[in-house]
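Here the protein sequences come in this chain order: A and B.
One rule links them: number in this note's numbering = place in the first sequence (from 1) + 185.
One rule links them: number in this note's numbering = place in the second sequence (from 1) + 21.
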Amino acid sequence: MKPVPPLLTAACVLFWGLQADLLLFAVPLAVALEAPRWIQARFALRTAPLARTFDFCLLGSMVLAGYLITTGSPTQGIALALQWLPMMLAPFVLGQGWRETDGIDLKALWSVRQRREPPPARPYTIDFRWLYLPICLVAASAANQRGMLFFATLTLLGAWALLAARDRSRPLLLWAVLVAVATGLGYAGQLGLHRLQGVLFELAFSFDPSDTWSTDPYRSHTALGHIGTLKFSDAIELRVRPAPGQDVPGLLHRATYDRFGVATWFAKEAPLEPLATPRENGRWRLEPDLPTDQRVTIETRLEGQRTVLAVPGGTTSLDGLNAKGMSRNRFGVLEVAPGEAGLVDFTASYRPGFAPPSAAPTPADLEVPDRLRPLLDRYRTTLGLGELSPAEVARRVERWFGTEFGYSLYQEGDPMGRDALEAFLDTTRAGHCEYFATATVLLLRAAGIPARYVTGYAVTEWSGFEQAYLVRRRHAHAWTTAFVDGRWITLDTTPSTWAVTEQAEASAWQPFADAWNWLSYRYQRWRQQSADDALSPAWLLVLLPPLVLLGWRLRRALRRPGDTAAADEGDLAATTAGADSPFYRLEQALGQRVASREIGESPERWATRLGERLADAELDRRLAGIVRLHYGYRFDPAGESAALRRELEAEVNAWLVSFDRTGRTAS
Amino acid sequence: MLRFHYSLLDKAWRFGQALLRRVTPAGLLALAALVLAGAAGIDTELTLAYQLFGYASGLLLVGFLASWRLAGRYEVERRLPALATVGEPLQYRITVRNRDDRPRAGLAVIEQLADTRPTRDEVATGLGGLARLSLLLVARRWQYLARQRTPVPADPHPLPDLPASGEASTQVGFVPTRRGSLAFRRSWLARRDPLGLFRALRPLDTPQSLLVLPRRYPVPEIATPGHRAFQPGGVTFASSVGDSEEFLGLRDYRPGDPLQHIHWKSFARVGRPIVKEFQSEFFERHALVLDTATAHADAAFEEAVSVAASFACRLDTQECLLDLLFVGDRDHCYTAGRGQLDVEGLLEVLAHVQPCPARDVDALEATLAAHRERLTGCLLVLLGWDAPRRRLVERLRATGLETLAFVITDAALDAEPGVWPLRVGHVAADLAGVATGGGSA
């Protein structure tokens with residue numbers, strides 16, 4: 186391959202430095218990479234030490250990447266590691282640039298040749314300096330400096346490199362047009378890729394209603410009226426462990442709402458306020474004077490921003506939750522401001538059936554939307570709810586939903602265009618938990634019983650492997666809480682088969698995803714536990730693979746010192762001394778353009794024959810000198826081969842440049 | 022498992038060869054940029070590498086479309102020499118004729134040999150049991166063998182501009198690495214797209230073959246074992262008597278010829294080495310015995326063949342007969358000398374010799390015994406110095422036959438007269454250290 190055009194490497198390195206804010210390193214590196222063009226001195230660096238340099242560069246890159254990924258956010262760690270890649274590979278690239286021979290045998294980098302086998306016929310030589318250019322560009326891209334500068338500079342540098350590779354038998358204009366077309370296609374392509382990612386993200390989360398229940402304590406968008414099948418994620422959100430000998434709470438409460446709009450529930454006049462009593466001895470007291478005997482430990486991941494906790498109903502205190510602050514509203518919804526992102530586990534003490542006094546019913550708990558009033562009044566009459574006591578109303582409603590309705594994740598569009606709830610009650614008689622919860626709340630209100638809409642999780646799935654209840658995103662649930670006989674009771678009218686139906690919809694990949702989730706979870710726990718230790722085992726995990734790799738390669742190198750590529754170079758040289766003479770490059774170039782050397786024709790005779798066809802006598806004279814240098818390099822055992830080769834290389838390069846400038850041959 | 026790995030590597034190798042023909046080094050660099058950018062740009066919010074991915078994709082797409090086909094009608098002729106030698110550079114000419122009335126420029130020729138893939142047995146040979154389970158180790162073994170079989174570079178050889186209805190030629194040079202028949206399959210005519218990323222290709226079938234002789238090493242001036250003796254066969258095998266050294270004539274230099282025999286005036290005149298040939302009148306019959314009792318054609322066996330070839334060239338068959346003996350599917354004996362095979366003939370035989378694991382050193386001894394009566398000296402090239410081989414030499418000497426043994430081994434041998442160890446990879450140096458002495462000149 187041709188050498189890298191002058192100053193292109195420096196341009197790429199400086200661009201990387203500019204983007205990554207590492208000009209302090211980029212400027213001297215650029216100078217060092219370009220200097221061999223003007224400085225004749227070289228290092229006698231054989232392939233084996235250069236290959237070891239490559240090993241250390243690789244080791245350093247892996248260690249740096251491991252450190253950045255494990256000590257911070259993985260994605261940011263990867264981006265930072267990419268930004269530093271040109272610097273980590275610089276010793277190897279500099280070594281190649283400053284050694285006597287161009288290129289490096291690719292096999293020498295990964296040599297595991299058997300001992301008694303002769304060396305390969307032709308070393309597969311690669312000029313790593315070319316590969317260094319896209320590495321610099323990728324590193325620059327990792328700095329993520331949004332704007333047109335990156336793409337514009339990329340196209341300029343690309344065109345610069347392509348100019349060296351173009352087919353010179355074609356018109357330059359054609360080349361320019363094709364580069365412009367390719368650039369236009371590339372620009373459109375990258376725009377498309379960026380948009381495609383956005384579309385894919387939206388599709389992936391397109392209808393997972395549990396995601397909309399996430400952390401908003403003031404509103405909950407429901408999937409009422411959604412046409413098609415609802416798909417819920419299998420991702421594990423919580424791990425729940427009851428105290429020994431105690432039952433696990435069936436439901437974990439997150440948020441409560443009291444106003445119904447069009448497919449959305451709201452919590453009106455329920456601001457979150459900081460707890461009256463701060464944390465004391467690691468305990469958050471929600472109801473200081475209330476003894477409790479039920480406990481459950483919950484493990485979850487907090488992302489760093491304010492989050493609504495999922496806790497059992499009637500929670501009175503929380504132990505072990507390291508948070509900067511905690512707030513609560515009148516419904517008992519808890520919002521925590523975590524200290525930092527990561528896994529947390531806490532123990533909730535709760536008293537089943539307890540509700541704080543601030544949760545007393547308000548007129549909002551009896552409101553029904555006007556558009557649904559006739560529908561609800563009809564069913565109130567049909568079910569005879571007006572003549573019953575509140576407790577009997579609750580039982581009848583529960584029984585009615587349990588016997589007349591079924592659970593379904595699929596909804597068809599209503600041909601009559603009715604309200605989703607009306608279609609649910611009148612026609613389909615099947616839906617998911619939001620339908621049941623919303624219909625129950627509104628029906629109870631129509632019967633004069635205060636009721637609220639509650640969201641949270643159902644705890645149903647036990648994992649023997651983890652010895653914990655696994656709460657997945659698809660276990661997100663909605664139910665009703667009703668004020669009956671002076672207290673709030675939980676009323677879940679969704680058919681009990683819903684959990685089984687959800688489980689049947691689980692992906693076939695769930696076991697593998699769970700295994701990965703468990704490994705990730707264990708690793709994060711372990712990291713957190715050893716975070717303060719500078720020499721923690723986490724470091725062993727990072728360092729071990731590259732150390733093993735390096736040790737294996739060094740061991741192989743030490744075991745067979747005679748098999749280094751340097752020895753191969755010596756053996757090859759003994760057989761074909763001077764076979765790497767730059768003269769052959771000149772011969773090939775002129776063979777294509779003027780006249781090739783005949784079989785058996787000596788270089789001197791060929792040069793004489795060529796001289797008769799050259800337009801410039803000076804070129805002829807210099808060509809004869811090149812042939813003499815070639816003979817000396819090829820046949821003279823007393824000659825200083827390295828210096829002679831450099832001189833010959835320089836003469837050949839200069840001759841070719843002159844030949845291109847003066848034109849071809851005499852006519 | 023080896024079968025699965027082999028099948029996978031077979032497909033990968035063919036795809037790789039096709040890719041290297043189709044894609045230029047600049048195109049490979051663009052592909053590498055595409056892969057790097059693709060890996061780093063998965064999240065378009067995290068990095069801008071997706072822009073590099075888009076740009077590289079655009080270049081590759083345009084380059085690929087611009088190299089869709091190679092127009093024109095062409096013929097290719099390859100002028101191969103009859104013989105080549107392992108380790109010696111070989112050059113030959115390829116001529117391309119343009120059958121169109123439009124001139125063409127920017128063309129190049131890529132040579133393709135006949136099937137260079139190693140067989141499954143060859144791949145399995147160099148690997149132990151557990152190693153065969155590792156795809157990485159099998160792949161390395163495969164690649165090493167395949168490259169040994171592909172000395173002709175797959176790089177394009179540029180052609181001068183092709184005039185309308187004219188022709189242009191280029192030289193291809195390579196260094197053969199394996200002895201035996203080297204079969205050419207086809208030549209590909211190629212032209213780069215304007216961006217220089219891909220090549221438009223046109224295959225032209227040009228089946229041809231070339232015999233590659235074994236590598237030869239410079240052999241020192243050693244007195245061949247044995248003495249003059251009456252040779253049955255009479256004047257058929259002897260055409261002169263007496264002792265004199267007479268200048269016979271000049272011939273082309275062959276590797277292994279002493280440098281002091283170079284005729285410098287002729288060298289300067291014709292531009293290639295020419296040597297003087299002498300006649301010395303004594304008559305011996307030597308056996309050059311090649312040990313083939315090994316399971317695999319590994320490096321040691323190849324060195325043994327090379328040593329045998331070196332001696333075949335070194336021994337003056339104008340003055341003696343040389344019987345090349347080795348064991349294969351049957352006993353082989355080839356005689357070089359007056360009216361018999363010439364040296365090239367012996368070299369051609371050696372170019373094709375294969376190991377014979379089924380028959381051991383005893384078979385070789387039996388073959389020698391059948392020829393013993395007419396031999397005056399014996400040169401053995403052995404693959405080791407174990408008990409059977411040591412016994413072979415001792416028994417030969419016990420019959421009064423002067424014997425020299427050259428043992429291809431890396432182990433250190435006890436010094437024994439007439440037994441010379443030659444290390445794999447260092448044969449030239451070890452041969453140079455062989456002392457002269459014994460026998461008669």
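Yeah, the Cβ is synthetic: ideal placement off N, Cα and C, and Gly gets one too.
Check                                                                                                         : Outcome
Rounded separation between Ala211/A and Leu193/A - CA only                                                    : 14 Å
Which of helix, strand or coil DSSP assigns to Lys453/A                                                       : coil
Limits of the unbroken beta strand (DSSP E) element including Ser230/B                                        : 220 to 234
Nearest neighbour of Ala367/A, chosen from Pro376/B, Leu232/B, Thr106/B, Leu86/B [CA to CA]                   : Leu86/B
Cα-Cα separation between Leu91/B and Tyr238/B, rounded to whole angstroms                                     : 46 Å
Local conformation of Ile254/A per DSSP, three classes                                                        : helix
Between the CA atoms of Phe195/B and Ala175/B - distance to the nearest angstrom                              : 11 Å
Contact list for Ile320/A against chain B, beta-carbon separation under 8 Å                                   : Leu57
Simplified DSSP state of Met511/A, which is helix, strand or coil                                             : strand
Minimum Cβ-Cβ distance from Arg75/B to chain A less than 7 Å                                                  : Looking at the sequence shown, residue 75/B is not Arg but Gly. Yes, contact with chain A.
Contact set between Glu786/A and chain B, taken where Cβ atoms lie within less than 8 Å                       : Gly292
Any C-beta of chain B under 7 Å from that of Gln268/A                                                         : no
Pairwise C-alpha distance: Leu253/A and Ser188/A                                                              : According to the sequence provided, residue 188/A is Pro. The question's Ser does not apply to it. If you take the alpha carbons of Pro188/A and Leu253/A, they lie about 35 Å apart.
Spatial distance of Pro575/A from Asp530/A (CA atoms)                                                         : 39 Å
Rounded straight-line distance, which links the Cα of Ala77/B to that of Gly377/A                             : 14 Å
Where Arg90/B meets chain A, residues with beta-carbon distance less than 7 Å                                 : Within 7 Å Cβ-Cβ: nothing; Arg90/B doesn't reach chain A, min ~15 Å.
Buried or exposed by the 16-neighbour rule on C-beta atoms within 10 Å, applied to Asp214/B                   : buried
7 Å Cβ cutoff, Gln431/A in contact with chain B                                                               : no
Residue range of the unbroken beta strand (DSSP E) whose run includes Phe425/B                                : Before going on, a small fix: residue 425/B reads as Leu here, not Phe. Looking at the DSSP string, the run of the beta strand (DSSP E) that includes Leu425/B is 423 to 429.
Proximity test, Cβ basis, 7 Å: Gln281/B and chain A                                                           : no
N-terminal and C-terminal residue of the beta strand (DSSP E) that Trp441/B is part of                        : 440 to 443
As assigned by DSSP and simplified to three states, the class of Thr238/A                                     : helix
Cβ-based neighbour list, Asp677/A, same chain, cut-off 6 Å, excluding 5 preceding and 5 following             : Trp664
Interface flag, Arg444/B vs chain A, CB-CB below 7 Å                                                          : no
Residue-chain proximity (Ala750/A, chain B), Cβ-Cβ < 7 Å                                                      : Residue confidence for Ala750/A is low, a pLDDT of 43 falling below 50, so the modelled location carries little weight; the figure read from the coordinates is stated next. Not an interface residue.
Cβ pair count under 8 Å reaching 3, the region 576 to 586 of chain A against the region 642 to 651 of chain A : no
Interface flag, Trp711/A vs chain B, CB-CB below 7 Å                                                          : no
Delimiting residues of the alpha helix (DSSP H) encompassing Leu230/A                                         : Neither: Leu230/A is in no alpha helix (DSSP H) and is coded neither H nor E.
Presumed contact (8 Å Cβ cut-off) between Phe451/A and Tyr403/A, rounded CB distance                          : 7 Å
Nearest to Thr623/A (by Cα), restricted to the options Glu552/A, Gln688/A, Glu687/A, Gly282/A                 : Glu552/A
C-alpha distance - Arg411/B paired with Ala357/B, whole-angstrom precision                                    : 27 Å
Residue-chain proximity (Val297/A, chain B), Cβ-Cβ < 7 Å                                                      : At Val297/A, the pLDDT of 44 sits below 50, so the modelled position is not reliable; the number obtained from the coordinates is stated separately. So, interface residue.
Under 7 Å by beta carbon: chain B residues contacting Gln382/A                                                : Thr65
Min CB distance Phe47/B to chain A below 7 Å                                                                  : A small correction: the amino acid at residue 47/B is Ala; Phe does not occupy that position in the sequence shown. Interface residue, yes.
Three-state class that DSSP yields for Glu597/A in the structure shown                                        : coil
Cβ of Ala61/B within 7 Å of any chain A Cβ                                                                    : yes
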